[in-house]
Structures are given as C-alpha cells and as structure tokens.
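Okay, structure first, notes after.
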Amino acid sequence: MMGDPGVGAGTTRTAGETKLERVAVLGAGVMGHGIAQAAAMSGSETRLFDPDPGALDGAGERVRANLRKGLELGKVSQAQMDAALDRLSPAPDLATAVRGATMVIEAAPERLAIKRALFADCVRHASPGTVLASNTSSIPIGLLQEGMPHPGAMVGMHFFNPVHLMRLAEIVRGPATAEETVDRARAAAQAMGKTVIVVNDAPGFASSRLGVALGLEAIRMVEEGVASPEDIDTAMSVGYRHPMGPLRLTDLVGLDVRLDIARSLSAGLESSRFEPPALLVRMVDEGKLGKKTGEGFYKW
Ligand SMILES: NC(=O)c1ccc[n+]([C@@H]2O[C@H](COP(=O)([O-])OP(=O)(O)OC[C@H]3O[C@@H](n4cnc5c(N)ncnc54)[C@H](O)[C@@H]3O)[C@@H](O)[C@H]2O)c1
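Residue numbers in the sequence shown follow numbering that gives the first Met the number 0, run continuously in steps of one, and reach 299 at the last position.
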C-alpha cells in the first residue's frame, strides 16, 4: 500500500472491453479494506481513506494478510499480489482520496447522518461524473440521494463479508439513480469477480432483509433459552445446508453492525419484526461485538 496509484492523473485505463474505474474507498474497516483489495485486484487504481489512522494501518495489514493467504493457497500469483499492492494506497484525507476518482465506494458506519455528511463532503472534491456508491446494508439509497446535487450518480453497491471471498454484489437502484450509473456499478463489481444482482430500493434490499430476519430470530431463540447458539447454528448449517449458522454469522458481521441494521430496518419498514432483541442491545452495550472484540455468541 505504498505506491502512488496515480488517481487523479490521466484518463481511465481499459482492460479489454471493461473500463476500469479509479476507485476511492471511504472507511477502512471490515468491509472497506476488502472492497479496496477487490478493486485493486480488478486492476483499478484505488485509494483508501479512514479518519482513524489506526484503521487505515490495520487495513493495509489485513489486505497483505489476505493476499499472502491467497498466495499460499495458489489462488493469487506473486505478480497479481505485487500489482494489487502497487495499485492500492492510503489517502491522508478525504479530498486526496476522492480527487480524480471516477467511482467512490463508501463503507463508513451504518448511520444515515454519517453517510449523508460524507457524501456531501465528497461532492465538494469529486467531479460531476463520479459514481457515488454506498455499501450500506440497509439504508435506502433514496434517503442518501435526498438533497444531493447529482442523485443520478448515486447507487448502492452492497458487498458481502469477507469481500475477497464472497461472490455476491447487490447493486441497488435508488429512485433517482441513472441507468448508466447502475451499468457502471455492475461492470465494476463484475470486474471484481462478483455475481451481480440488481434490486430496487427498499430497506434491507433483497439480501439483508432476509438475512437479518433469520439472525434476529436466532438471537430471540437464545434469549428464550430454546437452544444454545451452537445448536441453533447446527440446525441451520446441517439441517438447511447454510454454509454457516446465523449466530456465527452475526459474530462475523459484528453485533454492533447488526444492531444498527436492525434499527434501520425496523424504522424503514415500520415493522416490529426487526426490533432489536434485548439480548443484542445488551451484548453491544457490554462490548461483545463478535469476532472483532474476541467475544460475541462465541469466543474467538
Ligand atoms: N460488516 C459486514 O458484514 C457488512 C456487510 C455488508 C455491508 N456492511 C456495511 O458496510 C458499512 C461498513 O461496515 P463495517 O462492518 O466495515 O464497519 P466497521 O466499523 O468495521 O468500519 C467502518 C469504518 O468507517 C470509519 N469511519 C467512521 N467515520 C467515517 C467517515 N466519516 N468517513 C470515512 N470513514 C469513516 C471508521 O473509522 C471505521 O474504520 C456499513 O454501512 C455496513 O452496514 C457491513
């Protein structure tokens, strides 16, 4: 992550038929580092920004570790790894990250106010044709588009955790999203090797709404003493052939992230189905956020 990616200089390069975007990823946490890695691997010059310098350093380490693992497993060549690391660089501030980018992918915390403020800041540094994508799991793109000068350039690009392994990208068409923006988001995600679905704007889109419904019900079952987390997860992984049970998945996603999504879905869908269970709220209060803090429904 040391090389200068040249974002802001020259024109967008092409690889075969695909136009490569110059990407700025905002937020270098669980999702942001993975999106930046996928973008750099796809050939895009990529800048990564986070207001927390520790998060930015950590992201560099995680990307290197992911790529080293890929190398060990024979999934990534040394040349691909070196090229991806060359294309990826940390940005010291938002303006440096966004200036010259043709696509911004926001992966900041799941709070409407944070994302709105961030996009408003982006617009001051980005060129009008820049795609402004959000990796939000649940916030309607229409809410992010409100009051923005170029709402047609805004779109949802919802990746899955861990980004370098998960194949799905859910592209969300907001009420004001231009079809060209959908096409560019689709092409960029496909260049990252993702299977793309395009969905219309609704809280939780197609994936989070269903996934979170299962996760919250599993938490309520732990709360009611129906079964242990291990047994609930085994019910789904063995009985339903899910690759992983809903509680283990909640630990990987982060309980705080799940809580934010539940609150946003509960408000957006005006439904008590998504009201966060008291156990989830308590565990987040206690700092049991899942894998990232060493404890959630499991010890990590
Ligand atoms: N964790 C998941 O499994 C998952 C999956 C899909 C989508 N998402 C979505 O991705 C987004 C990020 O989630 P995450 O799990 O990576 O969270 P995270 O807490 O791991 O990372 C968020 C990062 O954003 C940074 N940040 C805070 N304010 C910022 C700002 N103003 N500008 C730029 N960065 C800022 C934080 O310092 C932090 O490093 C959320 O919208 C979440 O809903 C998460």
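Idealized CB from N, CA, C, for every residue including glycine.
For A58, the enclosing alpha helix (DSSP H) has its first and last residue at 52 to 71. The three-state secondary structure of E222, taken from DSSP, is helix. Classified as buried, E169 has 16 or more neighbouring CB atoms from the shown chains inside 10 Å of its CB. Relative to ligand 1, even the nearest heavy atom lies 7 Å or more away from the CB of M282. Between the region 183 to 198 and the region 53 to 66 there are fewer than three inter-stretch CB-CB distances shorter than 8 Å, so the stretches are not counted as touching. Nearest C-alpha to L19 among A38, K291, M30, R110: A38. Take the alpha-carbon of G155 and the one of G146: they are about 17 Å apart.
Closer than 7 Å to some heavy atom of ligand 1: that describes the Cβ of T135.
In this structure, the beta-carbon distance from L246 to A217 falls below 8 Å. Beta-bridge partners assigned by DSSP to H157: E169.
About 5 Å separates the beta carbons of A132 and I104, which is inside the 8 Å limit, making them a contact pair.
A82 has its alpha-carbon roughly 10 Å from the corresponding atom of S41. Boundaries of the alpha helix (DSSP H) around T180: 178 to 190.
Checking the DSSP bridge columns, you'll see I34 has no partner listed. When DSSP reads this structure, I196 sits in a beta bridge with E169. Not one heavy atom of ligand 1 lies closer than 7 Å to the C-beta of H241. A distance below 8 Å between beta-carbons, with the five flanking residues on each side excluded, links I231 to the following residues of its chain, in chain order: A217, M220, V221, V225, G244, P245, L246.
For F296, the distance from the CB to the nearest heavy atom of ligand 1 is not below 7 Å. The bridge partners DSSP lists for F48 are L25. Annotation: the continuous beta strand (DSSP E) that includes E105 extends over 102 to 105. Taking the CA atoms as reference points, D284 sits about 45 Å from A78. Around the Cβ of K74, a 10 Å sphere holds fewer than 16 other Cβ atoms; the residue is exposed. Where S88 is concerned, the enclosing beta strand (DSSP E) starts and stops at 87 to 89. Leaving aside the five residues that flank T194 on each side, the residues in its chain whose CB is nearer than 8 Å to its CB run, in chain order, R166, L167, A168. Per DSSP, V162 lies in no beta strand (DSSP E) segment and is marked neither H nor E. Here DSSP, grouped into helix, strand and coil, assigns K290 to helix.
In the three-state reduction of the DSSP assignment, S207 falls in the helix class, which pools H, G and I.
Residue range 93 to 97 is occupied by the alpha helix (DSSP H) that includes A94. In the DSSP assignment, S133 falls within the unbroken beta strand (DSSP E) covering 130 to 133. Boundaries of the alpha helix (DSSP H) around E229: 228 to 233.
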